[in-house]
Amino acid sequence: MIEYVTKGTLLGLASGFSPGPLLVLVISETIRHGVKEGIKVSAAPLLTDIPIIFVSLLILGKLSTVNAVLGAVSLAGGFFILYMGYTGLRVSAVQIEVDEAGSNSLEKGIITNALNPHPYVFYMTVGGPIFLRALDQGMFSAAAFFGAFLFSLVVSKVALALATGRSRSFLKGPVYLWIMRGLSICLILFSVTLLREGLRLLGVV
0 MIEYVTKGTL LGLASGFSPG PLLVLVISET IRHGVKEGIK VSAAPLLTDI
50 PIIFVSLLIL GKLSTVNAVL GAVSLAGGFF ILYMGYTGLR VSAVQIEVDE
100 AGSNSLEKGI ITNALNPHPY VFYMTVGGPI FLRALDQGMF SAAAFFGAFL
150 FSLVVSKVAL ALATGRSRSF LKGPVYLWIM RGLSICLILF SVTLLREGLR
200 LLGVV
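Structure, rendered in structure tokens:
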């Protein structure tokens with residue numbers, strides 16, 4: 000179970016700190032309306048991701064006996080994580096544009112995350128397959144993976160909202176950049192295991 004908690008935590012932190020539509024919204028709402036509104040946006044994955052997880056598992060569950068399909072999914076996940084790591088290494092700063100629109104931060108977060116293709120790709124190619132492998136070890140391992148992932152995802156965005164509330168220059172400073180680089184290197188290393196698993200399922204290695 001520790002293995003899956005570790006994987007969930009790493010992927011959650013990397014997703015949480017990576018620049019994207021939801022992170023930009025967390026920061027912009029924090030700047031415009033205060034830390035409380037940024038935290039509301041951070042909680043959006045708790046409402047949007049669970050249905051996505053459920054649908055992904057239903058689809059993958061029907062394909063779980065076909066090694067060729069699972070191999071292709073694992074390869075796709077490996078390349079997706081590799082891409083996340085690569086783009087994370089190239090991050091220099093997060094650019095935020097602030098307008099004068101009203102609040103409704105949680106609703107904005109839900110809509111932004113629901114329309115963002117990233118969660119769908121992640122759960123179909125990375126999160127779902129890992130969950131199914133964890134399920135072979137027991138329900139607790141599977142629940143621990145997704146619990147650790149969602150917890151780390153939300154907490155990392157809350158931390159960014161708090162940091163931005165204290166200093167708007169945080170996302171351009173060295174601490175954020177070094178966090179991103181460290182997580183990106185871990186993602187690149189993790190992508191190798193997914194790619195190797197995909198090749199194994201396809202009978203290449």
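So the sequence shown is residues 0 to 204, counted in numbering that gives the first Met the number 0. We treat Cβ as the ideally placed atom computed from N, Cα and C, and that holds for glycine.
Item to check | Counted within 10 angstroms of its Cβ, other Cβ atoms place ILE49 as buried (16 or more) or exposed | outcome: In the sequence shown, counting from the first residue as 1, residue 49 sits at position 50. Looking at its Cβ environment, which holds fewer than 16 other Cβ atoms inside 10 Å, ILE49 is exposed.
Next on the checklist: For ARG165, report the span of its alpha helix (DSSP H) as first-last.
Outcome noted: Residue numbering aside, residue 165 sits at position 166 when the sequence shown is read from its first letter. Here the alpha helix (DSSP H) through ARG165 covers 138-165.
Checklist entry - How long is the line joining the alpha carbons of PHE189 and ARG31, rounded to whole angstroms? => result If you number the sequence shown from 1, residue 189 lands on position 190. If you number the sequence shown from 1, residue 31 lands on position 32. Distance between the alpha carbons of PHE189 and ARG31: 37 angstroms.
Item to check | Same chain, Cβ closer than 7 angstroms to TYR175, neighbours up to 5 away in sequence not counted | outcome: As a first step, residue 175 must be located in the sequence shown, where it is residue number 176. The residues are PHE169.
Item to check | Residue of GLY202, LEU194 and CYS185 minimising C-alpha distance to LEU74 | outcome: The residue labelled residue 74 in the question sits at position 75 within the sequence shown. When only C-alpha atoms are compared, the closest one is LEU194.
Checklist entry - Leaving out the 5 sequence neighbours to the left and right, which residues in its chain are closer than 6 angstroms to THR111 when beta-carbon positions are compared? => result One-based indexing of the sequence shown puts residue 111 at position 112. PRO20, LEU21 and LEU24.
Item to check | For ASP135, the three-state DSSP class (helix, strand or coil) | outcome: Against the sequence shown, residue 135 aligns to sequence position 136. Reduced to three states, the DSSP call for ASP135 is coil.
Item to check | Best match in VAL72, SER41 and LYS39 for proximity to VAL125 [C-alpha to C-alpha] | outcome: Your numbering for residue 125 matches position 126 in the sequence shown. For the residues VAL72, SER41 and LYS39, the minimum Cα distance to VAL125 belongs to VAL72.
Checklist entry - Taking C-beta to C-beta, are LEU149 and PRO44 nearer than 8 angstroms? => result As a working note, residue 149 is residue 150 in the sequence shown. As a working note, residue 44 is residue 45 in the sequence shown. Their beta carbons are under 8 angstroms apart, which means LEU149 touches PRO44 by this criterion.
Checklist entry - What is the rounded straight-line gap between the Cα of LEU179 and the Cα of GLY87? => result Counting from one through the sequence shown, the residue named residue 179 turns up at place 180. Counting from one through the sequence shown, the residue named residue 87 turns up at place 88. Looking at the sequence itself, residue 179 is Met, so the reference to Leu does not match. Cα to Cα, the separation comes out at about 6 angstroms.
Checklist entry - DSSP on PRO62, reduced to helix/strand/coil? => result Here the question's residue 62 lines up with position 63 in the sequence shown. It should be noted that the sequence gives Leu, not Pro, for residue 62. In this structure, LEU62 counts as helix in the three-state DSSP scheme.
Item to check | TYR85, buried or exposed, once every other Cβ within 10 Å from all chains shown has been counted against 16 | outcome: For this step, residue 85 is matched to residue 86 along the sequence shown. Per the 10 Å Cβ criterion, exposed.
Checklist entry - Would the beta-carbon of TYR3 fall within 8 angstroms of that of PHE144? => result Here residue 3 refers to the residue found at position 4 when the sequence shown is read from its first residue. Here residue 144 refers to the residue found at position 145 when the sequence shown is read from its first residue. Contact flag set, yes.
Checklist entry - Grouping DSSP H, G and I as helix and E and B as strand, with all else coil, what is MET0? => result Here residue 0 refers to the residue found at position 1 when the sequence shown is read from its first residue. MET0: coil per DSSP, three-state reduction.
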